[in-house]
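Residue numbers (my numbering): 86 to 1077.
What follows is the structure in structure tokens.
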């Protein structure tokens, strides 16, 4: 066979695609070849290395693994990772790739174990190799293969005798197949999944096809197992199939009908199905379930389900796509603990063990083909393999290998033909191949908007307005009436939405409300699960999460790889906690009439496993507790209110909240391994007593002996500048309307011509400066300071009046009334409206903060479902969210009081009185605390570059702009936008 990594042909010399049982499920012998292999990297595919070269003296490289990460995090001996999202990092001239094409030569020596059975066949299996490779044994070339995230098997039968054998594998970084593997991820090469040697006994089970349906009207499951023998042994009989737990047996090819408990993501019931011949036994974990579509509604076991999921790339910050079983389990348990019920395997079939875990723990799966050709988009899809007959066999081979490998998994409810690969004739070819192998599952492909060849209508990042139209079936029609009618009869899924890049996603709750409202809407998958920050060390040895450009790549897409609900080390971001609250299976939401709506959003379970516990609390004081006697059937809801005889206290320093939580009482069989004590299935609350209003200040400003004015703990110079507060020097105090931009702020979304950041910079918000217009003492003794705050090059600005008045009965307190009026034209949004106070504090990171308001995590106007009113504690260090790419973070909404405790034992208390934006009253202020400036936050490329500068910054905002999803999707929705408007804020500052 010639060395031809530019060939457009299916793999050669390989075993036909087949089912393979999970590790340990077969009685047949198998041995892993994972471990250290000998390795050398060459600049070109024509390495000149003989296939019989043993590689003595070569380097050692871990298999599975990627050669670019061999020395991570400190060195990169075999080249660096490269990240591009859409564009190919090489000239687009398919099927050709550059001559400079790093190629790895792998060598390992093995021998068959002494107990290896005689007869039968011996198969060498590769679970994943990126991107094109050749396999040779003892110097003889046997196979050429590709399909990086798909298995390849090579038959070694008759070639393995006593003694050692040399296995040689040649792997190229680029190949013709790189054109169809342009997924949004790091380009990483090598043997990155496991390699095994497997015995296939004569008369053994070469292939298995499982069909396990469930009839929800009768409760009967129908099981049919079809098998193919490796080599039919003389006198062989058909394989026997048994389900020991059910006490039933059959011959392969026969149907078993028996009452069963069905499988669902909520109750992932599995049965051991034993398939046995005289020479091999395979035990499969099988779930009975049926997927169907009726009247445009997606059903599992006859009931509508909503997919609340995420797109998951395989990723580890040190190992890339060479993900361990422990990491896979961590992902699945994190998803379950944050109320996700679905995962899309973007954009390739995952390691098969991940699907085993989805079966066991309960996640609906969209299994996606290893196909993306996004780089052809810029050329109008000219030359796209998906519309090229030369590529038909290759693309059909890929979906065939996926379906054959994964078809027995109950968790898989949709097959996906690929992602962002345009349209063309090969969409039909792939869809036909999938249906020929498995007609029981619907077919998905987002690139087919006409939905000619698929069974569900799919889109990415459609705005909520369009999703609402689709839910009602009144979206704009297609030109072809028959195609339009067919599409309108389909369920609709957002295969990607709510882009979770940096601080976000915003607006998730708006989408989720639409999913609940319209039966046609199947739900969607947040983009994406995890930031792909690769761990590397800087020159000082400090470890950090690297993204595009951090390895000196000439072409890269920067921070766009950091767009997940998890930080690279799998720390849940505030976005994941927001997702958990929005996706909660028992939703508890406040209604305008002062009641709570409790909804059971399970499709198959009542709420008898959950206890509805309530707490009446003010600040850190728990005033009363109790339980509600309420059980809801699947899909039911009820309106609840605090007990009529609940004694409510008089207004005091903090609001009084009635908080209701649905708490798991005790896990059942399906939950024991992942539920934690007190696991919360949903929470909501009512504010039943407002905070008492702040008393009038009534004190008088005095002259300071050194000039200027004194108002309680606040000192001013003669110009009216605040120079000291609570014994600490003040560096800045003024109106502010700027924030360090989020990733979403930097992009134009929702049809905007310019991003929010561009609009804000155009208005000069990043360069605001204050001019004092006058200072005097009023008749009532208050110090009144008039000022104007504006940026350069514009007439637009803010007229501000600060009114400072000592508090009569509290000499260490001062009352501040802030009146802000926008002037000039403000056609676009502003980042925030409030004041910034910068205090001298050398140990700002160590300062503690206690606050009453929403918490414990950050919250913004369009990402606040997870925030609950109460009393919370943090340090300033813990207050910061260390996003992979630094940006605005840490705001807490609805703060009515906050107490700062400094390292020297002193402190400052901030109480919020009346706050309004325009005519809208606000619940307290939005508070942010930073040990570095917004400019430093904006300039930093990575969190470890942010260093405290001896100052503590308090942002006290009447309101802040939402965060949206504009980095890839809609911008901030109108209900969370902030526009220039009059602001009135009353604050009380007390030295402690």
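Glycine included, each C-beta is placed from N, C-alpha and C at the ideal position. Since the structure is predicted, the reported quantities are computational estimates derived from the model, not experimental observations.
| Check | Outcome |
| --- | --- |
| I'd like the span of the beta strand (DSSP E) that includes residue 1070, first residue to last. | 1068–1076 |
| Around the Cβ of residue 302, are there at least 16 other Cβ atoms within 10 angstroms (buried) or fewer (exposed)? | exposed |
| Whole angstroms is fine: what's the gap from residue 91's alpha carbon to residue 433's? | 21 Å |
| Given a threshold of 16 other Cβ atoms within 10 Å of its Cβ, counted over all protein chains shown, does residue 196 qualify as buried or as exposed? | exposed |
| Leaving out the 5 sequence neighbours to the left and right, which residues in its chain are closer than 6 Å to residue 942 when beta-carbon positions are compared? | 659 and 662 |
| Just the C-alpha distance for residue 512 and residue 699, rounded to the nearest angstrom, thanks. | 53 Å |
| Run the CB neighbour count on residue 87, radius 10 Å, all protein chains shown included, and call it buried at 16 or more, exposed below. | Confidence in residue 87 is poor, its pLDDT being 42 and thus under 50, which makes the residue's placement unreliable; the coordinate value appears in the next sentence. Result: exposed. |
| In angstroms, rounded to a whole number, what distance separates the CA positions of residue 331 and residue 343? | 8 Å |
| For residue 299, name the three-state secondary structure that DSSP assigns. | strand |
| By DSSP's criteria, residue 82 is part of a beta bridge. Which residues make up the other side? | What is shown of the chain runs 86 to 1077, which leaves residue 82 out entirely. |
| Is residue 935 closer than 8 Å to residue 956 when the C-beta atoms are compared? | yes |
| Determine the burial state of residue 947: buried for a count of at least 16 other Cβ atoms within 10 Å of its Cβ, exposed for fewer. | buried |
| Does residue 434 come out as helix, strand or coil in the three-state DSSP assignment? | coil |
| Just the Cα atoms here: how many angstroms apart are residue 1059 and residue 550? | 11 Å |
| How about residue 259 and residue 167: are their beta carbons less than 8 Å apart? | no |
| Determine the direct distance from the alpha carbon of residue 695 to that of residue 974, and round the result to whole angstroms. | 34 Å |
| Measuring CA to CA, which of 139, 146 and 900 is closest to residue 124? | 146 |
| Which value, in whole angstroms, describes the spacing of the CA atoms of residue 713 and residue 748? | 12 Å |
| Please list, in chain order, all residues of the same chain as residue 782 whose beta carbon is under 6 Å from its beta carbon, the five residues on each side excluded. | 890, 892 and 900 |
| Excluding the 5 residues flanking residue 185 on each side, which residues of the same chain have their C-beta closer than 8 Å to its C-beta? | 128 and 129 |
| Do you know whose CA, among 878, 983, 1022 and 370, lies nearest residue 972's CA? | 1022 |
| Report the three-state DSSP secondary structure of residue 501 (helix, strand or coil). | strand |
| Do you know whose CA, among 315, 169, 280 and 881, lies nearest residue 641's CA? | 169 |
| Over the uninterrupted alpha helix (DSSP H) stretch that includes residue 600, give me the two end residues. | 593–602 |
| According to the Cβ coordinates, are residue 237 and residue 139 closer than 8 Å? | no |
| Since residue 555 sits in a beta bridge, which residues does DSSP pair it with? | In the DSSP output, where bridge partners are listed per residue, residue 555 has none listed. |
| According to the neighbour-count rule (16 or more other Cβ atoms, all chains shown, within 10 Å of its Cβ), is residue 1065 buried or exposed? | buried |
| Excluding the 5 residues flanking residue 825 on each side, which residues of the same chain have their C-beta closer than 8 Å to its C-beta? | 971, 972, 973, 1019, 1020, 1022 and 1023 |
| At which residues does the beta strand (DSSP E) containing residue 671 begin and terminate? | 671–675 |
| Whose C-beta lies closer than 8 Å to the C-beta of residue 476 among residues of the same chain, with five residues either side of it excluded? | 93, 265, 470 and 511 |
| Which residue marks the beginning of the beta strand (DSSP E) containing residue 1002, and which one marks its end? | 992–1002 |
| Within 10 angstroms of its Cβ, does residue 291 collect 16 or more other Cβ (buried), or is it exposed? | buried |
| Pull up the DSSP beta-bridge partners for residue 421, would you. | Answer is none; residue 421 lacks a bridge partner. |
| So with Cβ pairs under 8 Å, would you call residue 142 a contact of chain B? | Of the chains in the structure shown, none is chain B; there is only one protein chain. |
| The beta strand (DSSP E) that contains residue 384, what's its start and end? | 382–385 |
| When the distance is taken between beta carbons, is residue 556 closer than 8 Å to residue 593? | no |
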